[in-house]
Amino acid sequence: MQIENLSAVEIVAKVTSGELSATDCTQHFLDQISKLNDDNGGFLSTTEQLAIQTAEAIDADRAAGKKLGPLAGLPVAVKDGICTQGQTTTAGSKMLSKFVPSYDATIVQRLKADGAIVIGKTNMDEFAMGSSTENSAYFPAKNPWNHEHVPGGSSGGSATAVAAQMAPVSIGSDTGGSIRQPASFCGITGLKPTYGRVSRFGLIAFASSLDQIGPMTHSAEDAALVMQSISGHDKHDSTSAVDEVPDFSAKLNQPLDGLKIGICLDHFGDGLSDSVRNSVNDSIEVLKSLGATCQDIELPYTKYAIASYYVIAPCEASSNLSRFDGVRYTNRAAADNLTDMYTHTRGEHFGNEVKNRILLGTYALSSGYYDAYYLKASKVRRMIKNDYDKAFESVDLILGPTVPSTAFKFGEHASDPIAMYLADIYTVSANLAGVPAISIPCGFDDGGLPIGMQLQAKRFDESTLLQAAHQYQTQTDFHQQRPS
Ligand code: GLN
524 MQIENLSAVE IVAKVTSGEL SATDCTQHFL DQISKLNDDN GGFLSTTEQL AIQTAEAIDA
584 DRAAGKKLGP LAGLPVAVKD GICTQGQTTT AGSKMLSKFV PSYDATIVQR LKADGAIVIG
644 KTNMDEFAMG SSTENSAYFP AKNPWNHEHV PGGSSGGSAT AVAAQMAPVS IGSDTGGSIR
704 QPASFCGITG LKPTYGRVSR FGLIAFASSL DQIGPMTHSA EDAALVMQSI SGHDKHDSTS
764 AVDEVPDFSA KLNQPLDGLK IGICLDHFGD GLSDSVRNSV NDSIEVLKSL GATCQDIELP
824 YTKYAIASYY VIAPCEASSN LSRFDGVRYT NRAAADNLTD MYTHTRGEHF GNEVKNRILL
884 GTYALSSGYY DAYYLKASKV RRMIKNDYDK AFESVDLILG PTVPSTAFKF GEHASDPIAM
944 YLADIYTVSA NLAGVPAISI PCGFDDGGLP IGMQLQAKRF DESTLLQAAH QYQTQTDFHQ
1004 QRPS
């Protein structure tokens, strides 16, 4: 049995039946990390000792006849912007290189309570700002399909970890595309849940009205398993929804007869590469053959999504990141007085992209400019949400490409931040509108790099997203391909 080829569902089943010990499984993935991480850079740190202890406790529970949790023995890699008790949590920044949280994020608590085993913390763009992990203050993660190409970002390390089979499952966060874009670039499945579906308590905040945590896996079936564990109201996050959490696996095997899929022609415009266009068009045919019908829809205001996002996100970031000042949490620069201590700490420990966003956000929120920028962007955001509400009156899902191209090369967008920001063109709208969206593998380009398609659904309808994705994955094997 090649443990790294098992799905999350299979791992849990085998650990529960005793066919595979949690300890062997965990050790196997830790060995994979030792073997592969130097080349791939997916992990910033591992939690070896704790992971093995936890796995041994699960094996002991099984031997004693105790009932195991729904994720028993499942190794999970967690993005380093999510707090893990006793384990360094850097958010990809030098600012937090020595930050050891005193508590677990709610999602980490829930995963652990269900029997999952955290094996390490994954690389990311600093404070989740970026689309390539080139903004990691440590080292970039690489695309396991071709090391000259980026894995995407900001959850690039989480995507690399799963794609390179160093972890069966990882957790990412998505503010404007950071789960879906790297999932697309690395040929895996990535789900951004509805805003409020998953608690953000313990997620180091980037833009609080947009941030969501979600699973990155090989398949939709595995994503459903992880979603079941991490979803639901949390008294520590007042924006987490009280809505009942459905059984995400219940609908997976239902046929797609009668499912209405909307196609927005704007998503197939000039900037789209031919290989992505062709693969996404082929997927439409696959979904039709499964019983879905497709119709054109319009999302007229989404053409302003990038502009709106790159005002709102930096504004919120400029406020959220004010807490990193050398007084608590962070490293502290030497200085003679308090003001110098603040400025030196922030000047020395934040990277350029983070400084860029803080400056932009502070400017846009400043007196006299608020109405022209933040307020205006918020109004556009509402129009985008209205577009979605209207579209979802006539369709169940919206389908399109996740990213206009496949993974770009390191340095390709270094001198042109706008080109980098445009990598998010199809993903940011879902964050602005708060709707759930998934990226699943749907092909490869001529260079062998993966292509992803995105499905978006009504708020709180992750079940239909997962159903359509799973049904698609029963007919295709793109999600089963692994880099050599
Ligand atoms: N690439 C986008 C940005 O840099 C999205 C990041 C994210 O979703 N965290 O803001």
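Counting from 1 along the sequence shown, just add 523 to a position and that's the residue number in my numbering. The beta carbon of each residue, even a glycine, is placed where N, CA and C say it ideally should be.
- Residue environment: residue 739 is assigned as buried (16 or more neighbouring CB atoms within 10 Å of its CB, all protein chains considered).
- Here the alpha carbon of residue 633 sits roughly 10 Å from the alpha carbon of residue 749.
- By the CB criterion at 8 Å, residue 929 and residue 973 fall inside the cutoff.
- Contact between the region 607-625 and the region 688-704 is not established, with fewer than three Cβ pairs separated by less than 8 Å.
- Taking 8 Å as the upper bound for CB-CB distance, residue 759 and residue 765 are not in contact here, some 14 Å apart.
- By the 16-neighbour rule on beta-carbons within 10 angstroms, residue 526 is buried.
- For residue 765, the three-state secondary structure derived from DSSP is coil.
- For residue 884, the enclosing alpha helix (DSSP H) covers residues 875-888.
- Taking residue 700 as reference, the option from 902, 855, 979 with the minimal CA-CA separation is 979.
- The C-alpha of residue 626 is placed about 17 Å away from the C-alpha of residue 568.
- As summarised for the region 699-726, the continuous beta strand (DSSP E) elements at least 3 residues long and confined to that stretch are 712-715, given in chain order.
- A distance below 7 Å between beta-carbons, with the five flanking residues on each side excluded, links residue 671 to the following residues of its chain, in chain order: 932, 933.
- No Cβ-Cβ contact shorter than 8 Å links residue 874 with residue 595.
- By the neighbour-count criterion, in which 16 or more other beta carbons inside 10 Å mark a residue as buried, residue 771 falls on the buried side.
- By the C-beta density criterion, residue 524 is exposed, having fewer than 16 other C-beta atoms within 10 angstroms.
- In the three-state DSSP reduction, residue 859 falls in the coil class, being neither helix nor strand.
- In this structure, residue 853 lies away from residue 566, with their beta-carbon atoms at least 8 Å apart.
- By the Cβ-count criterion, residue 711 is buried, with 16 or more other Cβ atoms from all chains shown falling within 10 Å of its own Cβ.
- Looking at the DSSP output, residue 976 sits in a beta bridge with 924, 963.
- Of the residues assessed, residue 779 falls on the buried side of the cut-off, its CB having 16 or more other CB atoms within 10 angstroms.
- When C-alpha distances from residue 802 are compared across 968, 833, 551, the shortest belongs to 968.
- Set against 7 Å, the gap from the CB of residue 698 to the closest heavy atom of the ligand GLN is smaller.
- The region 591-608 and the region 538-558 touch, with no fewer than 3 CB-CB distances between them shorter than 8 Å.
- Only exposed fits residue 892, as fewer than 16 other CB atoms lie within 10 angstroms of its CB.
- Remark: C-beta atoms of residue 725 and residue 631 approach each other more closely than 8 Å.
- The three-state secondary structure of residue 939, taken from DSSP, is coil.
- Note that the C-beta distance between residue 689 and residue 559 is below 8 Å.
- Short note on residue 739: C-beta not closer than 7 Å to any heavy atom of the ligand GLN.
- Within the chosen limit of 7 Å, the ligand GLN reaches the beta carbon of residue 836 through at least one heavy atom.
- A residue is called buried when at least 16 other Cβ atoms come within 10 angstroms of its Cβ; residue 678 meets this threshold and is buried.
- Annotation: residue 781 to residue 754 spans about 28 Å, alpha carbon to alpha carbon.
- Distances from the CB of residue 947 to the heavy atoms of the ligand GLN include at least one below 7 Å.
- Residue 838 has no beta-bridge partner at all, per DSSP.
- Following the DSSP letters along the chain, one finds residue 918 in no alpha helix (DSSP H), marked with neither H nor E.
- In the structure shown, residue 872 falls within a helical segment according to DSSP collapsed to helix, strand and coil.
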